[in-house]
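Please read the structure below before turning to the comments.
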Amino acid sequence: MQRFQINSYHEYEKAYKDSVENPEAFWDEIASSFLWKKKWTKTLEWDFTKPEVKWFVNGKLNITENCLDRHLEERANQTALIFEPNSPNEAAQYFTYKALHSKVCQFANVLKANGIKKGDRVCIYMPMVPELTIAVLACARIGAVHSVVFGGFSSSALAARINDAQCKMLLTADGGFRGDKITPLKAIADEALQSCPSIEKTIVLKRVLSDVALKTNQVWWHDEIKKVDDNCPAVEIDAEDMLFILYTSGSTGKPKGMVHTCGGYMVYTAYTFRNVFQYRCDRTQRYGREDTRASMPDVYWCTADIGWITGHSYIVYGPLANGATTVMFEGIPSYPDYGRFWEICEKHRVNQFYTAPTAIRALAKNTVNLADNYNLKHIKTLGTVGEPINLEAWNWYNDYVGKGKCPIVDTWWQTETGGIMISSLAGVTNDKPTYATLPLPGVQPVLLDEKGNEIQGNPAEGILAIKFPWPGLARTIYGDHQRYKNVYFSAYKGKYFPGDGALRDKSGNYRITGRVDDVIIVSGHNLGTAPIEDIIDEHPLVAESAIVGFPHDIKGNALYGYVTLKDSDNSYNHDALRKEINQLISDSIGPIAKLEKIQFTDGLPKTRSGKIMRRILRKIAEKDTSNLGDTSTLLNPECVQDIMDNAL
Ligand code: WTA
Numbered sequence: 001m002q003r004f005q006i007n008s009y010h011e012y013e014k015a016y017k018d019s020v021e022n023p024e025a026f027w028d029e030i031a032s033s034f035l036w037k038k039k040w041t042k043t044l045e046w047d048f049t050k051p052e053v054k055w056f057v058n059g060k061l062n063i064t065e066n067c068l069d070r071h072l073e074e075r076a077n078q079t080a081l082i083f084e085p086n087s088p089n090e091a092a093q094y095f096t097y098k099a100l101h102s103k104v105c106q107f108a109n110v111l112k113a114n115g116i117k118k119g120d121r122v123c124i125y126m127p128m129v130p131e132l133t134i135a136v137l138a139c140a141r142i143g144a145v146h147s148v149v150f151g152g153f154s155s156s157a158l159a160a161r162i163n164d165a166q167c168k169m170l171l172t173a174d175g176g177f178r179g180d181k182i183t184p185l186k187a188i189a190d191e192a193l194q195s196c197p198s199i200e201k202t203i204v205l206k207r208v209l210s211d212v213a214l215k216t217n218q219v220w221w222h223d224e225i226k227k228v229d230d231n232c233p234a235v236e237i238d239a240e241d242m243l244f245i246l247y248t249s250g251s252t253g254k255p256k257g258m259v260h261t262c263g264g265y266m267v268y269t270a271y272t273f274r275n276v277f278q279y280r281c282d283r284t285q286r287y288g289r290e291d292t293r294a295s296m297p298d299v300y301w302c303t304a305d306i307g308w309i310t311g312h313s314y315i316v317y318g319p320l321a322n323g324a325t326t327v328m329f330e331g332i333p334s335y336p337d338y339g340r341f342w343e344i345c346e347k348h349r350v351n352q353f354y355t356a357p358t359a360i361r362a363l364a365k366n367t368v369n370l371a372d373n374y375n376l377k378h379i380k381t382l383g384t385v386g387e388p389i390n391l392e393a394w395n396w397y398n399d400y401v402g403k404g405k406c407p408i409v410d411t412w413w414q415t416e417t418g419g420i421m422i423s424s425l426a427g428v429t430n431d432k433p434t435y436a437t438l439p440l441p442g443v444q445p446v447l448l449d450e451k452g453n454e455i456q457g458n459p460a461e462g463i464l465a466i467k468f469p470w471p472g473l474a475r476t477i478y479g480d481h482q483r484y485k486n487v488y489f490s491a492y493k494g495k496y497f498p499g500d501g502a503l504r505d506k507s508g509n510y511r512i513t514g515r516v517d518d519v520i521i522v523s524g525h526n527l528g529t530a531p532i533e534d535i536i537d538e539h540p541l542v543a544e545s546a547i548v549g550f551p552h553d554i555k556g557n558a559l560y561g562y563v564t565l566k567d568s569d570n571s572y573n574h575d576a577l578r579k580e581i582n583q584l585i586s587d588s589i590g591p592i593a594k595l596e597k598i599q600f601t602d603g604l605p606k607t608r609s610g611k612i613m614r615r616i617l618r619k620i621a622e623k624d625t626s627n628l629g630d631t632s633t634l635l636n637p638e639c640v641q642d643i644m645d646n647a648l
């Protein structure tokens with residue numbers, strides 16, 4: 001265990017050095033602190049050119065034994081999961097490790113009774129309620145592969161994901177609470193199911209008590225759990241068997257179903273959780289602020305939704321594999337008011353708080369002093385994830401929430417990486433505003449120039465790539481290994497290409513500068529431009545469209561669409577068209593992908609080979625037209641002035 005936990009800068013340096021000089025021995029030791037049904041025969045097999053990566057080869061385990069059973073001896077009665085409902089008037093729920101274990105085993109038996117076997121894919125389209133965590137773990141218990149789809153996605157986005165993975169079962173709820181709204185999940189799911197022939201059974205949880213009716217092959221969650229007991233042995237799973245599929249947007253084409261496997265993902269999320277947040281189950285040593293509770297487990301809260309990778313790795317698997325107390329929150333930061341997050345921190349005495357820059361900006365704008373109304377003295381670590389954090393947001397987080405005393409971990413990682421890759425370790429390594437700082441042990445980042453040559457020395461700026469495998473890496477894109485190779489391993493031979501740019505200061509700290517591809521991060525959600533353009537182009541009046549991002553106070557970036565119509569007849573009602581276009585986007589992806597601004601234009605600037613010059617469109621959207629570069633070589637330079645004159 002000594003090795004698992006990094007307690008000082010010196011230990012970090014040593015762990016990092018060892019992990020680079022002898023990665024196999026390093027991860028061998030880390031992985032040995034888990035419960036394995038059979039030890040691996042080889043620690044790592046890899047070839048980034050194929051690409052193929054395998055960790056803990058021939059090792060057998062069950063991740064739920066590590067997240068639940070393993071803790072029963074020592075902490076059966078410790079709280080594993082705290083559920084804080086959307087409404088502050090509804091009571092929180094507390095699940096001990098024993099209770100969570102029992103619920104997971106019970107629901108695993110429900111899955112089995114309804115025909116689910118090892119390897120079957122189960123789609124989960126649920127609100128942020130404890131049953132979601134239970135469902136995820138129940139799948140893992142029997143080796144079924146979960147594919148959680150965020151509750152904000154539309155019916156066609158849900159159907160596309162179900163069909164891509166050929167899911168056999170759907171788990172959903174009558175609805176979900178979000179602020180003062182109810183998301184009608186069952187109605188959306190029913191619409192999706194009309195085009196999902198692979199689904200044989202749907203299990204529906206009652207959450208909002210609406211009077212939804214069941215259709216053929218649909219059963220109630222509460223009826224099913226009455227039919228089974230809570231005795232369910234953990235199935236033996238190969239380290240490289242699939243644990244889950246999670247979809248992420250690409251810059252082109254349909255969403256990519258990233259595949260994570262059991263062994264490496266478990267080891268990596270658990271190790272990074274413990275060290276980045278400096279989570280302790282039995283805190284004897286303290287840093288930062290006063291905490292009066294003696295040797296109690298820390299209470300950790302990540303505000304993400306389990307529909308995203310942050311929720312998978314740092315609400316469910318990472319914390320539970322550490323025997324932590326993890327909070328899940330059903331609601332939103334602004335309901336019933338912007339003090340809600342702080343109220344929850346005070347109520348549950350949260351020690352580690354992990355959220356996204358977009359939430360921080362919204363809170364900063366709306367609650368300047370609300371954070372002061374609540375007692376936040378238990379907070380020791382603050383974390384951020386999802387996009388670069390701007391200095392203003394960082395300062396506010398540090399001053400108002402951390403009172404200048406809490407380390408802030410700015411964690412850079414991706415759905416594809418499984419866990420945190422570059423981040424400070426709270427209170428152990430230094431943080432630096434707007435910098436993710438240093439790589440975790442086992443992570444070997446490099447900066448590349450345009451030609452793919454490694455830039456040596458500091459400071460430096462370039463394209464970020466990773467040159468050695470780490471256990472949490474997604475192994476493939478479900479059903480499309482070629483695409484996995486093309487997207488991540490072809491741009492720079494022999495290296496993993498995440499799609500981000502970065503700079504490195506003279507001490508080796510990394511700052512992520514943003515995407516270098518056509519993915520735009522809006523409120524922390526990755527959105528590919530091409531898939532949205534394809535949807536807009538389906539509108540009968542639309543000839544062509546181009547989307548770019550522009551800075552937005554709260555969302556970080558918002559989408560700006562340039563649209564040309566087939567017939568430049570000016571009598572169209574542009575506002576009505578804008579609504580129709582956004583409705584189309586909302587129907588096929590979800591409201592998160594709606595365009596903030598839509599400008600109708602007679603032409604889009606193109607190169608002579610017909611490629612849209614997004615760089616120019618981006619500058620116009622950003623209102624930075626002082627230096628548009630040479631436009632004279634365009635096919636249609638005249639349209640640029642026109643677009644500028646009519647910019648929104
Ligand atoms: C961006 C979320 C700067 C980045 C865990 C990455 C960040 C993409 C940070 C992955 C950060 C995430 N600083 N940028 N701390 N964290 N990103 O797959 O562009 O939803 O490639 O995973 O978010 O987003 P994803």
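Read left to right, the sequence shown gives residues 1 to 648 (the UniProt record's numbering).
Yeah, the Cβ is synthetic: ideal placement off N, Cα and C, and Gly gets one too.
Leaving out five residues on either side along the sequence, give the residues of the same chain with a beta carbon under 7 Å from the beta carbon of residue i.
{"i": "Ala593", "result": "Leu527, Ile532, Ile585"}
{"i": "Phe150", "result": "Asp305, Gly307, Trp308"}
{"i": "Gly250", "result": "Lys256, Val487, Gly528"}
{"i": "Asp230", "result": "Ser102, Cys105, Gln106"}
{"i": "Ala270", "result": "Gly318, Ala321, Asn322"}
What would DSSP say about residue i, mapped onto helix, strand or coil?
{"i": "Thr529", "result": "helix"}
{"i": "Cys345", "result": "helix"}
{"i": "Lys256", "result": "strand"}
{"i": "Ser8", "result": "coil"}
{"i": "Arg511", "result": "strand"}
{"i": "Trp55", "result": "strand"}
{"i": "Met644", "result": "helix"}
{"i": "Arg475", "result": "coil"}
{"i": "Ser154", "result": "coil"}
{"i": "Gly501", "result": "strand"}
{"i": "Pro319", "result": "helix"}
{"i": "Ala187", "result": "helix"}
{"i": "Asp238", "result": "strand"}
{"i": "Tyr622", "result": "In the sequence as presented, Tyr is not what sits at residue 622; that position holds Glu. Looking at Glu622 - three-state DSSP - the assignment turns out to be coil, as it is neither helix nor strand."}
{"i": "Met266", "result": "helix"}
{"i": "Pro551", "result": "strand"}
{"i": "Ala393", "result": "helix"}
{"i": "Trp470", "result": "coil"}
{"i": "Ser19", "result": "helix"}
{"i": "Ala173", "result": "strand"}
Buried or exposed for residue i, going by 16 or more other Cβ atoms inside 10 Å?
{"i": "Asp180", "result": "exposed"}
{"i": "Arg615", "result": "exposed"}
{"i": "Gln194", "result": "exposed"}
{"i": "Gly508", "result": "exposed"}
{"i": "Leu214", "result": "exposed"}
{"i": "Asn77", "result": "exposed"}
{"i": "Tyr510", "result": "buried"}
{"i": "Leu209", "result": "exposed"}
{"i": "His222", "result": "exposed"}
Span of the beta strand (DSSP E) holding residue i?
{"i": "Ala558", "result": "556–565"}
{"i": "His146", "result": "145–148"}
{"i": "Thr355", "result": "352–355"}
{"i": "Asp47", "result": "42–47"}
Could you spell out the range, first to last residue, of the alpha helix (DSSP H) harbouring residue i?
{"i": "Val136", "result": "130–142"}
{"i": "Asp410", "result": "No alpha helix (DSSP H) contains Asp410, which is instead part of the beta strand (DSSP E) from 408–411."}
{"i": "Glu29", "result": "23–31"}
{"i": "Phe107", "result": "97–113"}
Less than 6 Å between C-beta atoms, sequence neighbours within five positions excluded: which residues of the same chain meet that for residue i?
{"i": "Ile162", "result": "Cys123, Cys196"}
{"i": "Asn109", "result": "Val228, Cys232"}
{"i": "Lys201", "result": "Asn114, Met169, Asn217"}
{"i": "Leu635", "result": "Lys606, Arg608"}
{"i": "Pro441", "result": "Ala15, Tyr16, Ser19"}
{"i": "Glu346", "result": "Tyr374, Asn375"}
For chain C, is any of its Cβ atoms less than 7 Å away from the one on residue i?
{"i": "Pro605", "result": "Given the protein chain composition of this structure (a single chain), no chain C is represented."}
Ligand 2 heavy atoms versus the CB of residue i: any closer than 6 Å?
{"i": "Gln352", "result": "As for ligand 2, it is missing from this structure, which binds only ligand 1."}
Keeping to the same chain, check which residues put their C-beta closer than 8 Å to that of residue i; ignore five residues upstream and five downstream.
{"i": "Lys60", "result": "Trp36, Lys37, Lys38, Glu236, Ile237, Asp238, Ala239"}
{"i": "Gly610", "result": "Leu635"}
{"i": "Tyr435", "result": "Asp410, Asp505, Asn509, Tyr510, Arg511"}
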